[in-house]
Amino acid sequence: MSKKIAVVKCNHLGVDVFHYEGEVLKRTEDEILIKAYFGLEQGLIVDIPINKGDKFLETYFARHWYNIYEIRDRANDCLKGWYCNVTYPPEIGVEQIVFSDLALDLVVYPDGRQVVLDNDEFQALNLVADVQHQALAALADLQNRFSVQFGKL
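Put into structure tokens, the structure is as follows:
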């Protein structure tokens, strides 16, 4: 009895820039886990190849300024890594998840290495100081979360 859900990615101004569909795997008051599949022919995240049909296990948190995507290979389900978006807290509804991206991203490799992406784009958004602080705190929280997971603290 899987439940489909729409995901709407907006820019920092709330303008819809991309949308797709996923399947709800787990839902609590504070977060939702969905499964979605990469729909483009191919892509590249730093040096991680992403292919059509690769599985994304996406977690959205009602109270956090980020989401986390676990990326798995379509052929053998091997972990490729995690892609984390720094965002405003999402709107998680029954039929739709809407989040506004703040450009700043974190990629985490299966061995725990971390790469921060798009800091220049984030700075160019010229966000108000409080939003900038929340976003940087979210990035630090993500980095700490994965450092703890990999025992690198």
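The sequence shown finishes on residue 153 if you use our numbering, and the numbering steps up by one all the way, no holes.
Positions of the beta carbon are idealized from the N, C-alpha and C atoms, including for glycine.
Measuring CA to CA, which of the options is closest to residue i?
i, options, result
"Q143", "D105, R63, D30 and E121", "D105"
"N126", "G39, H12, V7 and K3", "H12"
"I92", "D77, F61 and V116", "F61"
"Q149", "D111, A124 and Y83", "D111"
"D141", "F122, A124, V7 and V116", "V116"
With a CB to CB cut of under 7 Å and the five nearest residues on each side skipped, what residues in its chain are close to residue i?
i, result
"T87", "W65, Y66, N67, F99, S100, D101 and L102"
Near residue i, which residues of its chain fall below 6 Å by C-beta distance, leaving aside the five closest residues on each side in sequence?
i, result
"I50", "F38 and G43"
What is the DSSP secondary structure of residue i, reduced to helix, strand or coil?
i, result
"M1", "Reliability of the predicted coordinates at M1 is poor, the pLDDT of 46 falling under 50, and no value is obtained from them."
"E121", "helix"
"D130", "helix"
"L13", "coil"
"F18", "strand"
"V169", "The chain is shown only over 1 to 153; residue 169 falls outside these bounds and no answer can be derived."
"A75", "coil"
"D141", "helix"
"L136", "helix"
"E70", "strand"
Span of the beta strand (DSSP E) holding residue i?
i, result
"P49", "I48 to N51"
"A62", "Looking at the DSSP string, A62 is not in any beta strand (DSSP E), and its letter there is neither H nor E."
Using a Cβ-Cβ cut-off of 8 Å (strictly less than) and excluding sequence neighbours within five positions of residue i, which residues of its own chain qualify?
i, result
"M1", "Confidence is the limiting factor: at M1 the pLDDT is only 46, short of 50, which leaves the residue's position unreliable, though a coordinate-based value still follows. None."
"D30", "F61, A62 and R63"
- request: Examine the Cβ distances between the region 5-23 and the region 88-97 and report whether three or more of them are shorter than 8 Å.
  value: yes
query: How about the region 120-136 and the region 28-42: do they share at least three Cβ pairs that are nearer than 8 Å?
result: no
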